[in-house]
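Okay, so the sequence shown: first residue is 36 according to our numbering, each after it adds one. Backbone N, C-alpha and C fix where the C-beta goes; we use that ideal spot for every residue, glycine too. Quick caveat, the model's predicted, so the values are computed rather than measured.
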Amino acid sequence: MAEKEKFIRTKPHINIGTIGHVHHGKSTLTAAITHYLKLKGLITKEVTVDDLNAAPEEKARGLTITISHVEYETEKRHYAHIDCPGHADYVKNMVTGAAQIDGAILVVAADDGVMPQTREHLLLARQVGVPALVVFINKCDVVPEKELIDLVESEVRELLKKYEFPGDSIPFIRGSAAKALEAKSLEDPALKPIQELLETVDNYIPEPVREIDKPFLMAIEDVFTIAGRGTVATGRIERGVIHPNEEVEIVGLKPTIKTTVVSIEMFRKTMDEGRAGDNVGILLRGVKREEVLRGQVLAKPGTVSPHSEFEAQVYVLSKEEGGRHTPFFSGYKPQFFFRTADVTGEITLPEGMEMVMPGDTVNLKIKLIAPIAMEEKQRFAIREGGKTVGAGVVTKIIK
Numbered sequence: 036m037a038e039k040e041k042f043i044r045t046k047p048h049i050n051i052g053t054i055g056h057v058h059h060g061k062s063t064l065t066a067a068i069t070h071y072l073k074l075k076g077l078i079t080k081e082v083t084v085d086d087l088n089a090a091p092e093e094k095a096r097g098l099t100i101t102i103s104h105v106e107y108e109t110e111k112r113h114y115a116h117i118d119c120p121g122h123a124d125y126v127k128n129m130v131t132g133a134a135q136i137d138g139a140i141l142v143v144a145a146d147d148g149v150m151p152q153t154r155e156h157l158l159l160a161r162q163v164g165v166p167a168l169v170v171f172i173n174k175c176d177v178v179p180e181k182e183l184i185d186l187v188e189s190e191v192r193e194l195l196k197k198y199e200f201p202g203d204s205i206p207f208i209r210g211s212a213a214k215a216l217e218a219k220s221l222e223d224p225a226l227k228p229i230q231e232l233l234e235t236v237d238n239y240i241p242e243p244v245r246e247i248d249k250p251f252l253m254a255i256e257d258v259f260t261i262a263g264r265g266t267v268a269t270g271r272i273e274r275g276v277i278h279p280n281e282e283v284e285i286v287g288l289k290p291t292i293k294t295t296v297v298s299i300e301m302f303r304k305t306m307d308e309g310r311a312g313d314n315v316g317i318l319l320r321g322v323k324r325e326e327v328l329r330g331q332v333l334a335k336p337g338t339v340s341p342h343s344e345f346e347a348q349v350y351v352l353s354k355e356e357g358g359r360h361t362p363f364f365s366g367y368k369p370q371f372f373f374r375t376a377d378v379t380g381e382i383t384l385p386e387g388m389e390m391v392m393p394g395d396t397v398n399l400k401i402k403l404i405a406p407i408a409m410e411e412k413q414r415f416a417i418r419e420g421g422k423t424v425g426a427g428v429v430t431k432i433i434k
């Protein structure tokens, strides 16, 4: 077997993602960024919109369902770009996707302005703690009146403030991703907004302080088997550092098991160590494919324990934000999304409270049907019937 290429760290590594309403041009913008960087000679291969929508169930409706990771570099940084799903049915993936980004590009179409998923994605970005955003107003070629685009910008700035982002100071770039994709040379003015966007992302989205010194933890996003080698768990390392031959525990959903890391890969290259912020595949020794599940975590032995009962501060989305139209009561059983885990749980309201209305912020007791790796201050989303109905943070672990 040929030796794998080594991943060499020369530039800071940042995870970034596109968020925004369906058909506002998130995938087109992602493709335009790689088109521009290829013309500049910074990368060798560009991606197409078809590449980003490659899974079979997506193409039929022209919707992005899964999360695609695209690798690219600017002069300053190395990026892993996540093209987040746009369609409401699949926001569930956004909960795992947006949780993984250090910064986001919010794409808003000039001809549509703010739409329901613009709001939902911003709320989720706030909840999962996306630290910084820049805004790309797309499709400016189809709206010739500058005043109309100004209106869209002020509408988006107001919305950003509502979700506690610095709406007055966040940079806005205007352009057309579709026109940029058609550009044949760097001289084409259609590429100017893409250049400006990348410079803004390089400078405005802070280099994250990775939690290198904390004990290793990685939420498992996917699991697969490599013939003749064993089981690989993939995900983004949340904190700490991991090396081959170190012991880890697989925690949550099932009894905890201990195993050893055989090797670590990122972008199909082997690594001597994986560290916080890296999207990696970890080959595990002597573990069967069916013993590992999405939603479990890999962690340094003894540092994380599974829990199923806790208290939480929860914000219940209003009807306008795409949440429930009606109140809920004790005994309500929605889905809880913790990192990559998706578990049903039962809610108990505080003493003396009869019901919770959409738009309320409340302290609730929650009992999950399966224990998951959990810590105080951890954020989670609550979903029901394909939509986000609440967002919360663990305040106290009971059991």
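Span separating the alpha-carbon of VAL332 from that of THR269 | As a position in the sequence shown, residue 332 is number 297, starting the count at 1. As a position in the sequence shown, residue 269 is number 234, starting the count at 1. Their Cα atoms are separated by approximately 10 Å.
Residues that ASN173 bridges to, as DSSP identifies them = Start at 1 with the first residue of the sequence shown, and residue 173 comes out as number 138. Per DSSP, ALA144.
Any idea what DSSP makes of THR269, helix, strand or coil?
-> The sequence position of residue 269 within the sequence shown is 234, counting from 1. In this structure, THR269 counts as strand in the three-state DSSP scheme.
Identify whether TYR107 lies in helix, strand or coil by the three-state DSSP scheme.
-> In the sequence shown, counting from the first residue as 1, residue 107 sits at position 72. Correct three-state label for TYR107: strand.
Which residue's Cα is closest to the Cα of VAL60: GLY138, THR83, ALA347, ALA167?
-> As a first step, residue 60 must be located in the sequence shown, where it is residue number 25. The question names Val, yet the displayed sequence has Gly at residue 60. Cα-wise, what sits closest to GLY60 is THR83.
To the nearest angstrom, how far is it from the Cα of ARG359 to the Cα of GLU282?
-> Residue numbering aside, residue 359 sits at position 324 when the sequence shown is read from its first letter. Residue numbering aside, residue 282 sits at position 247 when the sequence shown is read from its first letter. So the alpha carbons of these two residues sit roughly 44 Å apart.
Measure the Cβ-Cβ separation of LEU77 and GLU110 and say whether it is below 9 Å.
-> Taking the sequence shown and counting its residues from 1, one reaches residue 77 at position 42. Taking the sequence shown and counting its residues from 1, one reaches residue 110 at position 75. In contact: LEU77 and GLU110 (Cβ atoms closer than 9 Å).
LEU157 and LEU195: beta carbons closer than 9 Å?
-> One-based indexing of the sequence shown puts residue 157 at position 122. One-based indexing of the sequence shown puts residue 195 at position 160. The Cβ atoms of LEU157 and LEU195 lie closer than 9 Å to each other.
Determine, using beta carbons only, whether GLY309 and VAL258 come nearer to each other than 9 Å.
-> As a working mapping, residue 309 is identified with position 274 in the sequence shown. As a working mapping, residue 258 is identified with position 223 in the sequence shown. No. Outside cutoff.
Test item: CB-CB of GLY357 and GLN370 under 9 Å = Within the sequence shown, numbered from 1, the residue matching residue 357 stands at position 322. Within the sequence shown, numbered from 1, the residue matching residue 370 stands at position 335. Cβ atoms of GLY357 and GLN370: not closer than 9 Å.
Is the closest heavy atom of the ligand GTP to the C-beta of THR305 under 8 Å?
-> Looking for the ligand GTP in the displayed structure turns up nothing, as the structure carries no ligands at all.
Note the first and the last residue of the continuous beta strand (DSSP E) segment covering PRO228.
-> For the purposes of this step, residue 228 is taken as residue 193 along the sequence shown, with counting starting at 1. Careful: PRO228 lies outside any beta strand (DSSP E), inside the alpha helix (DSSP H) at 227-239.
Is it true that the CB of VAL429 sits closer than 9 Å to the CB of ALA347?
-> Residue mapping note: residue 347 aligns to position 312 of the sequence shown, counting from 1. Residue mapping note: residue 429 aligns to position 394 of the sequence shown, counting from 1. Cβ atoms of ALA347 and VAL429: closer than 9 Å.
Report the three-state DSSP secondary structure of LYS354 (helix, strand or coil).
-> Working through the sequence shown from its first residue, we reach residue 354 at position 319. In this structure, LYS354 counts as helix in the three-state DSSP scheme.
Determine the contact status of PHE251 and ILE272, defining contact as a CB-CB distance below 9 Å.
-> Translated into positions along the sequence shown, residue 251 becomes position 216. Translated into positions along the sequence shown, residue 272 becomes position 237. Yes, the pair counts as a contact, with Cβ atoms nearer than the cut-off.
Cα-Cα separation between ALA225 and LYS323, rounded to whole angstroms | Within the sequence shown, residue 225 is the residue found at index 190, counting from 1. Within the sequence shown, residue 323 is the residue found at index 288, counting from 1. When rounded, the distance between both Cα atoms is 51 Å.
Alpha-carbon spacing of VAL349 relative to GLN413, whole angstroms = Translated into positions along the sequence shown, residue 349 becomes position 314. Translated into positions along the sequence shown, residue 413 becomes position 378. Put simply, the backbone Cα of VAL349 is about 12 Å away from that of GLN413.
When DSSP labels each residue in this structure, what does ALA66 get in the three-state scheme?
-> As a first step, residue 66 must be located in the sequence shown, where it is residue number 31. Note: ALA66 maps to helix in three-state DSSP.
Can you tell me the Cα-Cα spacing of GLY148 and ALA254, whole angstroms?
-> If you number the sequence shown from 1, residue 148 lands on position 113. If you number the sequence shown from 1, residue 254 lands on position 219. Rounded to whole angstroms, the gap between the alpha carbons of GLY148 and ALA254 is 35 Å.
Reduced DSSP secondary structure (H/G/I, E/B, other) of THR79 | Taking the first residue of the sequence shown as position 1, residue 79 is located at position 44. Assignment of THR79 by DSSP, reduced to helix, strand and coil, places it in the coil class.
For MET392, I'd like the list of residues in its chain whose CB is within less than 6 Å of its CB, leaving aside the five on either flank, ordered along the chain.
-> Within the sequence shown, residue 392 is the residue found at index 357, counting from 1. Hits under 6 Å: PRO362.
Going by beta carbon distance, what residues of the same chain come within less than 8 Å of THR79, once the five residues before and after it are set aside?
-> On the sequence shown, residue 79 is found 44 positions in, with the first residue counted as 1. In chain order, LYS73 place their CB closer than 8 Å to the CB of THR79, counting only its own chain and leaving out the 5 sequence neighbours on each side.
Please list, in chain order, all residues of the same chain as ILE436 whose beta carbon is under 6 Å from its beta carbon, the five residues on each side excluded.
-> Missing from the structure shown is residue 436; the chain here goes from 36 to 434 and no further.
Beta strand (DSSP E) segments (min. 3 residues) lying fully within the stretch 317-381 | Correct list: 332-334, 341-351, 370-373.
Reference PRO179, options SER211, PRO201, VAL170, closest by Cα | Sequence index remark: in the sequence shown, residue 179 carries index 144 (1-based). When each option's Cα is compared against that of PRO179, the closest is SER211.
Measuring CB to CB, does LEU232 end up less than 9 Å from PHE200?
-> Here residue 232 is taken as the residue at index 197 of the sequence shown, counted from 1. Here residue 200 is taken as the residue at index 165 of the sequence shown, counted from 1. Remark: C-beta atoms of LEU232 and PHE200 do not approach each other more closely than 9 Å.
Please work out which residues of its chain come closer than 8 Å, Cβ to Cβ, to VAL337, disregarding the five sequence neighbours upstream and downstream, and give them in chain order.
-> Position 302 of the sequence shown, counted from the start, is the residue given in the question as residue 337. One detail in the question is off: residue 337 reads as Gly in this sequence, not Val. Taking C-beta separations shorter than 8 Å and ignoring five residues to either side along the sequence, the partners of GLY337 in its chain run GLU284, following chain order.
Buried or exposed: where does PHE345 fall if 16 or more other Cβ atoms within 10 Å of its Cβ makes it buried?
-> Counted from its first residue, the sequence shown places residue 345 at position 310. That one is buried.
Leaving out five residues before and five after VAL177 in sequence, what residues of the same chain have Cβ atoms less than 6 Å from its Cβ?
-> Stepping through the sequence shown from its first residue, residue 177 is reached at position 142. These residues qualify, in order along the chain: ASP146.
According to the Cβ coordinates, are GLU326 and ILE292 closer than 9 Å?
-> In the sequence shown, the residue the question calls residue 326 occupies position 291. In the sequence shown, the residue the question calls residue 292 occupies position 257. Yes, these two residues count as a Cβ contact at 9 Å.
Pull up the distance between the alpha-carbon of ILE317 and that of PHE171, whole angstroms please.
-> For the purposes of this step, residue 317 is taken as residue 282 along the sequence shown, with counting starting at 1. For the purposes of this step, residue 171 is taken as residue 136 along the sequence shown, with counting starting at 1. For the pair ILE317 and PHE171, the Cα-to-Cα distance works out to about 35 Å.
Looking at C-alpha atoms only, which residue of LEU399, SER353, ARG44 is the closest neighbour of ILE432?
-> By 1-based counting over the sequence shown, the position of residue 432 is 397. Of the listed residues, the one whose Cα sits closest to ILE432 is LEU399.
C-beta contact flag for THR295 and GLY321 at 9 Å | For the purposes of this step, residue 295 is identified with residue 260 of the sequence shown, where counting begins at 1. For the purposes of this step, residue 321 is identified with residue 286 of the sequence shown, where counting begins at 1. Yes, they are a contact pair.
Would DSSP call VAL57 helix, strand or coil?
-> Here residue 57 refers to the residue found at position 22 when the sequence shown is read from its first residue. In the displayed model, VAL57 falls within coil according to three-state DSSP, outside both helix and strand.
Alpha carbon to alpha carbon, what distance is there between MET390 and THR63?
-> Taking the first residue of the sequence shown as position 1, residue 63 is located at position 28. Taking the first residue of the sequence shown as position 1, residue 390 is located at position 355. Rounded to the nearest angstrom, the two C-alpha atoms are 44 Å apart.
Looking only at C-alpha atoms, which of GLU108, LYS75, ASP86 sits nearest to ARG44?
-> Along the sequence shown, read from residue 1 onward, the residue named residue 44 stands at position 9. Nearest C-alpha to ARG44: GLU108.
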